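Asker: Mind having a look at this structure? Questions to follow.
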Amino acid sequence: MTPETADVVVVGGGPAGLFCAAHLPAALDVLLLERMPEPGRKLLLSGSGQANLTHTGDLAAFLDRYGDDDHGRFLRHALRSLSNEGLGRWFADREVPLETREDGKVFPASRRAQDVLEALQTACTGNGVRLLPGARVGSIERTPGGFRIRADQVEVDARAVVLATGGASYAQTGSSGDGYRLAAALGHTVVEPHPALAPVEPDPYPFADLAGVSVPDAGFVLLRGDRRLRARRGDLLFTHRGLSGPGVLDLSRDVRPGDRLLLSFLPDLRPEELDARMIELCRDRGAARLPAALAPLHLPERLLRRLLHQAGLPEETTGARMTKEQRRAVTTALTAFPLAVGRVGDFAVAMATAGGVALGEVDPKTMGSRLVPGLFFAGEVLDLDGDSGGYNLQAAFSTGALAATGVARLLD
Ligand SMILES: Cc1cc2nc3c(=O)[nH]c(=O)nc-3n(C[C@H](O)[C@H](O)[C@H](O)COP(=O)(O)OP(=O)(O)OC[C@H]3O[C@@H](n4cnc5c(N)ncnc54)[C@H](O)[C@@H]3O)c2cc1C
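Under the numbering used here, the residue at position 373 of the sequence shown is numbered 360, and the numbers go up by one with no gaps.
Rendered as C-alpha cells:
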C-alpha cells in the first residue's frame, strides 16, 4: 500500500478531534481518521442527548472541577484560550445558540446534541478537513519526516498527529482506550485508567425499592479505614442497584470498593440542630405519626419512612412518644447514614475516564508532547476528568482548540 500523505492526522472524531480539526489552518492538509462509521457517537449521548456543553463560572471556578491534583491547573491555558463564553460565541456564530439553565449547566437552546455535532462537522468540511470514517488507527510510528499512521483502510505519512481518541468508557461509542496504547507505544506514560462519573453500589443496599427517588441536595463523606478522604454535596438519585446523581458521580473518581460513605439527607443541619428541630416538631405535632410530624423537614416521604424504619422506629410511633434514644437514632439516619461500598460502576456505565496520558509529559501551552515532537493530545485521552455538569466537554473543546494552535505554530 502506498501511503497517503497529509500535513496533520487527527485520530478520533469526538468533540476534541472535530473541534481541533475545525480550528487548524485551512492551508494545511488535514485528515481526520475515525474508527466508527460516523463521528461523535459519545457526543450524541451526552446530557441524555441534549449535550450539556459547558457550565457557567469563571476560570477559577473551572479549575476546581477536575479533581484535587494539579489537573485543573494544567487546563488553565486551554480554558483561557477558549473559555465557556468563547465556546458559546463559537456555536452561536454557527446558528447553535446556547442557553444556561438555572443550575448553571449550559446546553444548546434546541437541546439537541445532534445540532452540536452537525455544527462541528460543517465547520470541519468548511475548513477543508478530509474525514475518513471506519478507519481505526492501529499504530503510529515515528519517521524522519514525522509519523506513519496505519489504520484499517489507509496508511498515512503526516508531519503532525493529534491524538484525540477519548477515554475508555462506553466502548460502544468507539472510545475503548486505543489512545492509551498508541501513546504508550510512542513512549508516553499512561496513568492507569479507571472509571469516573460512575454510580456507586453499596453492599448491602437498603434503598433498592426507592429507585427513582431523588434528594436535591445531599451530603457525602467518603471514609477509607480511619481516614476521612473527602466530603461533597450534590443531587442524589437512588437507582435499583445503588446511588447516582451528580453528587455521587462527581465523588466516584475517588471511591473504591471497601470504602464507607456517610450520607446526610439534610446537609444544612448539624446533628444537634436537627435534634433541636425534631424536639420542636414533635412538640408541635405530638399527636401525629412520625412521617407526618417530620414532614416539615421536606424529605421525600418514601425516603423518610425508610430512614425511620432503618432507625428501628415503628410506623405508628407518634411525635410525642419518640424517646431521646430514638431521636438520636433518627438523627444519625438522617445526617450520617452509613453505607459500605461494594462496587463502583465499571467502564460500561461510567461517563468519563480518570487516568490517561500523564500531564507532566504534555506542554499545557500547546498540548504538544514533551517527548515526541509533532505529537499532540486533545480531550479525554489525557489524564483529565471533570465533574458532571459540562466540564468534560468544555475540556475536550478547549484542549482541541489549543492543540490546533500548537500544531499551527509548529508547521508554520
Ligand atoms: C452517557 C454519557 C453522557 C455524557 N454527558 C456529558 C455531558 O452532558 N457533558 C459533558 O461535559 N460530558 C459528558 N460526557 C463526557 C463527554 O462525552 C466526554 O468527556 C467527551 O465526549 C470526550 O471527548 P473526546 O473527543 O475526548 O472523546 P470521545 O468523545 O470519546 O471521542 C473519541 C473518538 O475517537 C474515536 N477513536 C477511538 N479510538 C480510535 C482509533 N484507534 N482510531 C480512530 N478513531 C478512534 C472514537 O470512535 C471516538 O469517536 C458524557 C459521557 C457519556 C458516556
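For every residue, glycine included, the Cβ atom is placed at its ideal position computed from N, Cα and C. Predicted model, so just to flag it, every value in this text is computed and none were measured.
Just to confirm the assignment, what range does the alpha helix (DSSP H) spanning K92 have?
Answerer: Careful: K92 lies outside any alpha helix (DSSP H), inside the beta strand (DSSP E) at 92 to 95.
Asker: Check S239 in the structure and name its three-state DSSP category.
Answerer: Helix.
Asker: For P203, does the three-state DSSP call read helix, strand or coil?
Answerer: Reduced to three states, the DSSP call for P203 is strand.
Asker: Hey, which unbroken runs of the alpha helix (DSSP H) at 4 residues or more fall wholly within the region 95 to 159?
Answerer: Listed in chain order, the complete alpha helix (DSSP H) runs (minimum 4 residues) inside the region 95 to 159 are 100 to 113.
Asker: How many Å lie between F324 and D399 at the Cα?
Answerer: Straight-line Cα distance between these residues: approximately 60 Å.
Asker: Could you tell me if the beta carbon of E179 falls within a distance shorter than 7 Å of some heavy atom in ligand 1?
Answerer: False, no ligand heavy atom lies under 7 Å from that Cβ.
Asker: Per the DSSP calculation, P12 is bridged to which residue(s)?
Answerer: DSSP lists no partner for P12.
Asker: Let me check understanding here. Comparing Cα to Cα, which of A65, H64, T87 lies closest to G75?
Answerer: Comparing Cα positions, the closest option is T87.
Asker: Skipping 5 residues on each side, what residues in its chain have a beta carbon closer than 7 Å to that of L104?
Answerer: G27, L30, L31, listed in sequence order.
Asker: In the DSSP assignment, find the unbroken alpha helix (DSSP H) run with H64 in it and report its ends.
Answerer: Taken as a continuous stretch (DSSP letters only), the alpha helix (DSSP H) holding H64 covers 63 to 68.
Asker: On the three-state DSSP scale, how would you describe E179?
Answerer: It is a strand residue.
Asker: Could you name each continuous beta strand (DSSP E) segment of 3 residues or more that falls completely within the region 14 to 81, going from the start of the chain to the end?
Answerer: For the region 14 to 81, whole beta strand (DSSP E) runs of length 3 or above, ordered along the chain, are 17 to 20.
Asker: To the nearest angstrom, report how far apart R52 and G376 are at their CA atoms.
Answerer: Straight-line Cα distance between these residues: approximately 10 Å.
Asker: Could you pull out every residue in the same chain whose Cβ sits closer than 7 Å to the Cβ of G234, ignoring the five residues on either side in sequence?
Answerer: Only A205, F207, R219, R220, G221, D222, L223 meet the Cβ criterion.
Asker: Shortest alpha-carbon distance to S70 belongs to which of S385, V143, T392?
Answerer: Out of S385, V143, T392, S385 has the C-alpha closest to the C-alpha of S70.
Asker: Hey, which unbroken runs of the beta strand (DSSP E) at 3 residues or more fall wholly within the region 239 to 298?
Answerer: Correct list: 247 to 251.
Asker: Taking the alpha helix (DSSP H) that D165 falls in, what are its first and last residues?
Answerer: Counting along the chain, the alpha helix (DSSP H) containing D165 begins and ends at 165 to 172.
Asker: Report the residue from S35, V368, V17, R396 whose alpha carbon sits nearest the alpha carbon of L150.
Answerer: Comparing Cα positions, the closest option is V368.
Asker: Start and end of the beta strand (DSSP E) containing E312?
Answerer: First-last for E312: 311 to 322, but that is the alpha helix (DSSP H), not the beta strand (DSSP E).
Asker: Cβ of P186 within 8 Å of Cβ of G229?
Answerer: Yes. Within cutoff.
Asker: Excluding the 5 residues flanking R272 on each side, which residues of the same chain have their C-beta closer than 8 Å to its C-beta?
Answerer: The residues are A279, A280, G306.
Asker: Closer than 7 Å: is that where the CB of D102 sits relative to any heavy atom of ligand 1?
Answerer: No, the Cβ of D102 stays beyond 7 Å of every heavy atom of ligand 1.
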